[in-house]
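Numbering of the sequence shown is given in the numbering used here, commencing with residue 159 and proceeding in unit increments. Ideal Cβ positions, reconstructed from N, Cα and C, are used throughout, including at glycine. Everything on this sheet refers to the single structure shown next.
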Amino acid sequence: MTWNCDTGTVFVLTLTQRVADASRPDPATDREVCRLLSGLSVRAPFQPSAAGVVRGLTEDADVAVTAAMVALRDDAYAVGIGVGDVFLTPVDQEDGRVAVTAEGPGMGFGHDAAQHTRSTERVAVRVSAADPEAAEQAEAVLRLVGHIVSVRSDAEWRVVDLLVPGARGQQKTVARQLGITPQAVSKAVVRSLWHEEWRARPAAATLLRLCESGGLQG
């Protein structure tokens, strides 16, 4: 990992496990979500920052949306997204490793988003930024898309996990892989609102970018 230490606007994501007993989060769940997010383009990798809490930083709004949807799958996590400038500083450790400190308003907004994410909400997403109106609108769309993802059934996931957004003529291939009919694949895609999800993701990313630019302010 090459650390980019320049100041710039960053999306700070904090993922907090949604468990019945908050004092007993599952470390394996944190490791798995970090694995799933490990291939994304980030400023700082997703990794546990406390028991049941995973944090990562990215400069890419589309990546932020992708990470949020991964975390919201199966209602596994509450998602807080802070938007603002962050400055990363590498610090050499005595054991030869390099730690990184993160400072700036983006970290403050990230902390605010994490603190005010209500794990009891049906779709637990909070966005915090210097422009509260932009943050509220981004949050609203993320909740809608997150609802689609969080309520999808295992049977629907078995189908849509094999689909590639934007590719054509893939339903017959998926049907052969799963040993079901193309009609069954088509019905699962319709029920899961998969097309609607992927059409809405860019809108969520655009609204996150408006948080960055203050685009809704007069």
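Residue environment, residue i, which counts as buried when at least 16 other CB atoms sit within 10 Å
{"i": "VAL281", "result": "buried"}
{"i": "SER308", "result": "buried"}
{"i": "LEU171", "result": "buried"}
{"i": "ARG284", "result": "buried"}
{"i": "GLU355", "result": "buried"}
{"i": "SER350", "result": "buried"}
{"i": "ASP184", "result": "exposed"}
{"i": "THR259", "result": "exposed"}
{"i": "GLY324", "result": "exposed"}
{"i": "GLU190", "result": "exposed"}
{"i": "ASP312", "result": "exposed"}
{"i": "ARG182", "result": "exposed"}
{"i": "ARG326", "result": "exposed"}
Residue i to residue j span [Cα, whole Å]
{"i": "THR216", "j": "LEU366", "result": "12 Å"}
{"i": "VAL347", "j": "VAL223", "result": "21 Å"}
{"i": "ASP250", "j": "GLY214", "result": "20 Å"}
{"i": "VAL244", "j": "CYS192", "result": "21 Å"}
{"i": "ARG310", "j": "GLU261", "result": "37 Å"}
{"i": "THR331", "j": "ALA234", "result": "30 Å"}
{"i": "LEU320", "j": "ARG176", "result": "27 Å"}
{"i": "ALA296", "j": "GLU252", "result": "42 Å"}
{"i": "VAL317", "j": "PRO248", "result": "43 Å"}
{"i": "ALA226", "j": "VAL237", "result": "6 Å"}
{"i": "ARG359", "j": "ILE239", "result": "15 Å"}
{"i": "LYS345", "j": "LEU246", "result": "47 Å"}
{"i": "LEU336", "j": "TRP315", "result": "12 Å"}
{"i": "GLY268", "j": "ILE338", "result": "44 Å"}
{"i": "ASP232", "j": "GLU279", "result": "14 Å"}
{"i": "SER207", "j": "HIS305", "result": "26 Å"}
{"i": "GLY242", "j": "ALA333", "result": "44 Å"}
{"i": "ALA362", "j": "ASP270", "result": "20 Å"}
{"i": "ALA288", "j": "ALA202", "result": "22 Å"}
{"i": "ALA272", "j": "ARG357", "result": "27 Å"}
{"i": "ALA209", "j": "VAL343", "result": "39 Å"}
{"i": "LEU195", "j": "THR187", "result": "12 Å"}
{"i": "CYS369", "j": "HIS353", "result": "26 Å"}
{"i": "ALA298", "j": "PHE204", "result": "24 Å"}
Range of the contiguous alpha helix (DSSP H) that encloses residue i
{"i": "VAL348", "result": "340 to 350"}
{"i": "ARG316", "result": "312 to 318"}
{"i": "VAL117", "result": "Since the first residue of the chain shown is 159 and the last is 376, residue 117 is not available in this structure."}
{"i": "GLY268", "result": "263 to 274"}
The beta strand (DSSP E) enclosing residue i, as first and last residue numbers
{"i": "ARG334", "result": "Run containing ARG334: none in the beta strand (DSSP E); it sits in the alpha helix (DSSP H), 329 to 336."}
{"i": "VAL322", "result": "It is not in any beta strand (DSSP E) - VAL322 carries neither H nor E in the DSSP assignment."}
{"i": "VAL285", "result": "283 to 286"}
Whole-Å CB distance - residue i paired with residue j, under 8 Å assumed
{"i": "LEU198", "j": "VAL221", "result": "5 Å"}
{"i": "GLY264", "j": "VAL168", "result": "5 Å"}
{"i": "THR293", "j": "SER286", "result": "The sequence shown places Ala at residue 293, not Thr. That belief holds up - the Cβ atoms of ALA293 and SER286 are roughly 6 Å apart, short of 8 Å."}
{"i": "ALA219", "j": "LEU173", "result": "Not really, about 17 Å apart at Cβ, beyond 8 Å."}
{"i": "VAL322", "j": "GLN328", "result": "6 Å"}
Residue i beta carbon near the ligand GTP (any heavy atom closer than 8 Å)
{"i": "TRP352", "result": "This structure does not include the ligand GTP; it has no bound ligands of any sort."}
Neighbour flag for residue i against chain D, beta carbons, 9 Å
{"i": "ASP220", "result": "Structure shown: chain D not included; a single protein chain is present."}
Practice task
For the stretch 167 to 252, list the alpha helix (DSSP H) runs that are entirely contained and at least 4 residues long, ordered along the chain.
Solution key: For the stretch 167 to 252, the full-length alpha helix (DSSP H) segments reaching 4 residues or more read 185 to 195 and 219 to 230 along the chain.
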